[in-house]
Amino acid sequence: MKLLFVSNLYPNPAEPARGTFNAQQVAALSRYCQIVKVVAPVAAARRRDSRPQTADTSPHPSTLDQIPGLQSKVSSLKSSPYPVLHPPFRHIPILSRPFNGWLFARSIAPHLQPSTLNSPPSFDIVLVNWAYPDAYGVMLLAEKYRFPFATTVQGSDINLLFRNRRRKRQILRALRASRAVFCRSAALRGRLAAEGIAATVVYNGVDRDRFHPMDRVEACRQLGLDPNRRRILYVGNLQPVKGPTVLAEAFRLLCHPERSEGSLAGTAEILRSAQNDTGVDIIFVGDGPERTNIERISSQRSAISTAQSQVSSLKSQVSLMGARPHHEVPLWLNACDVLCLPSFNEGLPNVCIEAAACGLPVVASQVGGVPEVVREGVNGFLVPPGDPAALAVALRRALSHPWDRDVIVQSVAPFDWDANARQVVSILESVV
18 MKLLFVSNLY PNPAEPARGT FNAQQVAALS RYCQIVKVVA PVAAARRRDS
68 RPQTADTSPH PSTLDQIPGL QSKVSSLKSS PYPVLHPPFR HIPILSRPFN
118 GWLFARSIAP HLQPSTLNSP PSFDIVLVNW AYPDAYGVML LAEKYRFPFA
168 TTVQGSDINL LFRNRRRKRQ ILRALRASRA VFCRSAALRG RLAAEGIAAT
218 VVYNGVDRDR FHPMDRVEAC RQLGLDPNRR RILYVGNLQP VKGPTVLAEA
268 FRLLCHPERS EGSLAGTAEI LRSAQNDTGV DIIFVGDGPE RTNIERISSQ
318 RSAISTAQSQ VSSLKSQVSL MGARPHHEVP LWLNACDVLC LPSFNEGLPN
368 VCIEAAACGL PVVASQVGGV PEVVREGVNG FLVPPGDPAA LAVALRRALS
418 HPWDRDVIVQ SVAPFDWDAN ARQVVSILES VV
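Residue 18 is where the sequence shown starts when you use our numbering, and the numbers rise one by one after that.
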């Protein structure tokens, strides 16, 4: 079977960490079918910012070449056995949203249309990842050139985009025209079923050559961190839907529980034991509009009831690392004590799978497909979204819980790229 893959979520020179899960899936698919090409449009605004997100921007020295098996993985993203094309996707942010499907189709058309109107396409089927504008744009071309396509939806492309009636209609039209629909979680399958769309759950995999337990002290040394301090880690975009400011508030409660008031008063007693000599830090790996709010919350000064009546802030305990290359993430996961994902909305987040594969417990919001990865007391704890007090308590529990690293790693054994590829190819071959 000849497969053509389309998605705006794919690593590109300006954003090498963008959509790495898609690059990993395509690599796995290539073992079971022929990848004709990957068409991964890049928004014109992003193309103008060609600064690559590499280790050179790190404030800490990095010796990634010394990590066994890691450098080859970095190189594999730079050189591909199949063509990876990045045509410009020209649109006007916000203003062109109703027409982005058409603009997306225009961007990818030269790479999907047959050489002549009556000649057959060079592929058997298109697999498109992301509902809008990607799947809708592919559908417009499929109607014109009469080729089959299948769609994979991730989570936010349904949970968030469905809030707009016009986009919801466009997405449903594309999904109904798809020969097959794949989704990343059972929760998302249920959401689609309510709209009359039959979808198959195909879990993302994890690159176990890269994401596996490492020696904590060595990981800290690689990143220039003190191995004697405990750390909470956040990895992801600093967007409101991801809840990073909720985490910043929770961290403030964790470190200064005496600030709890009213309904949070009970939280103070639970958290008071969190203050000890070893200390707790928090690291945000990622960038986005919530960065300034995190800095504001971290800089708020708190009167501490001590004999010296000191006044302090959390600024020295909070590190905002900015966007880091994906191949560096395993180091951060192995250098920290707990990963936190305080999202308001999720599909099935890859970072939870990657953390567990490294033996790191996860504290996350009980939303979307997260409970399909995070199992209470086995590899983490779940909390209601948007509740800093509950999140602070869960983080305190996670920091003191006697986790079994081997059990955590085994908890995500079913998340495998090879199994993902075999399932997808089997279904695609049945619908071509």
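Even glycine gets a Cβ: it sits at the ideal position worked out from N, Cα and C.
Where residue 51 falls, given that 16 or more other Cβ within 10 Å makes a residue buried
Against the sequence shown, residue 51 aligns to sequence position 34. Exposed: under 16 other Cβ atoms inside 10 Å.
For residue 268, the first and last residue of its enclosing alpha helix (DSSP H):
Numbered from 1 along the sequence shown, position 251 holds the residue referred to as residue 268. It spans 261 to 272 - the alpha helix (DSSP H) in which residue 268 sits, taken as one unbroken run.
If contacts are defined as beta-carbon pairs under 8 Å, then residue 308 and residue 255 qualify, I think. What distance do you get, rounded to the angstrom?
Translated into the one-based positions of the sequence shown, residue 308 becomes position 291. Translated into the one-based positions of the sequence shown, residue 255 becomes position 238. Taking C-beta atoms under 8 Å as the contact rule, residue 308 and residue 255 qualify, at a distance of about 5 Å.
Could I get the ranges of all uninterrupted beta strand (DSSP E) runs contained in the region 102 to 159, with 3 residues as the minimum, in chain order?
142 to 146, all fully within the region 102 to 159.
Bridge partners of residue 29, per DSSP?
Along the sequence shown, read from residue 1 onward, the residue named residue 29 stands at position 12. Answer by DSSP bridge pairing, in chain order: 32.
Find out if the Cβ-Cβ distance for the pair residue 201, residue 364 is shorter than 7 Å.
Position 184 of the sequence shown holds residue 201. Position 347 of the sequence shown holds residue 364. Yes; because the gap between Cβ atoms is below 7 Å, this pair is in contact.
Per DSSP, what kind of secondary structure is residue 429 in: helix, strand or coil?
For this step, residue 429 is matched to residue 412 along the sequence shown. Coil at residue 429, not helix or strand.
Quick check on the DSSP output: the beta strand (DSSP E) that includes residue 398 runs from which residue to which?
On the sequence shown, residue 398 is found 381 positions in, with the first residue counted as 1. Counting along the chain, the beta strand (DSSP E) containing residue 398 begins and ends at 397 to 400.
At which residues does the beta strand (DSSP E) containing residue 214 begin and terminate?
In the sequence shown, the residue the question calls residue 214 occupies position 197. That residue, residue 214, is in no beta strand (DSSP E); it is neither H nor E in DSSP.
Does residue 50 come out as helix, strand or coil in the three-state DSSP assignment?
Taking the sequence shown and counting its residues from 1, one reaches residue 50 at position 33. Residue state, collapsed to three classes: coil.
Determine the direct distance from the alpha carbon of residue 109 to that of residue 172, and round the result to whole angstroms.
Translated into positions along the sequence shown, residue 172 becomes position 155. Translated into positions along the sequence shown, residue 109 becomes position 92. Computed Cα separation, rounded: 24 Å.
What residue range does the alpha helix (DSSP H) around residue 439 cover?
Here the question's residue 439 lines up with position 422 in the sequence shown. Where residue 439 is concerned, the enclosing alpha helix (DSSP H) stretches over 434 to 448.
Just confirm the distance between the C-beta atoms of residue 157 and residue 118, as a whole number of angstroms; I'd bet it's less than 8 Å.
The residue labelled residue 157 in the question sits at position 140 within the sequence shown. The residue labelled residue 118 in the question sits at position 101 within the sequence shown. Contact annotation, residue 157 with residue 118: C-beta distance approximately 7 Å; criterion of less than 8 Å satisfied.
Using a 10 Å radius around the Cβ and a threshold of 16 neighbouring Cβ atoms, would you call residue 260 buried or exposed?
Taking the first residue of the sequence shown as 1, we reach residue 260 at position 243. Residue 260 counts as buried, since at least 16 other C-beta atoms from the protein chains shown sit within 10 angstroms of its C-beta.
Cβ neighbours of residue 183 in the same chain (closer than 7 Å, five flanking residues each side left out)
Reading the sequence shown from its first residue, position 166 is the one you call residue 183. 115, listed in sequence order.
Can you pull the DSSP bridge partners for residue 339?
Here residue 339 refers to the residue found at position 322 of the sequence shown. Looking at the DSSP assignment, residue 339 forms a beta bridge with 302, 303.
Residues in the same chain with beta-carbon distance under 6 Å from residue 159, minus the five sequence neighbours each way, listed in chain order, please.
Reading the sequence shown from its first residue, position 142 is the one you call residue 159. Within the same chain, Cβ atoms closer than 6 Å to the Cβ of residue 159 are found at 166, the five residues on either side in sequence being excluded.
Taking the beta strand (DSSP E) that residue 202 falls in, what are its first and last residues?
Counting from 1 along the sequence shown, the entry for residue 202 is found at position 185. Bounds of any beta strand (DSSP E) do not take in residue 202, whose DSSP letter is neither H nor E.
Leaving aside the five residues before and after residue 449 along the sequence, list all residues of the same chain whose C-beta is less than 8 Å from its C-beta, in chain order.
Within the sequence shown, residue 449 is the residue found at index 432, counting from 1. If we look at residue 449 and ignore the five residues flanking it on each side, its Cβ neighbours are 18, 141, 142, 165, 196.
What span of residues does the beta strand (DSSP E) with residue 382 cover, start to end?
For the purposes of this step, residue 382 is taken as residue 365 along the sequence shown, with counting starting at 1. First-last of the beta strand (DSSP E) with residue 382: 379 to 382.
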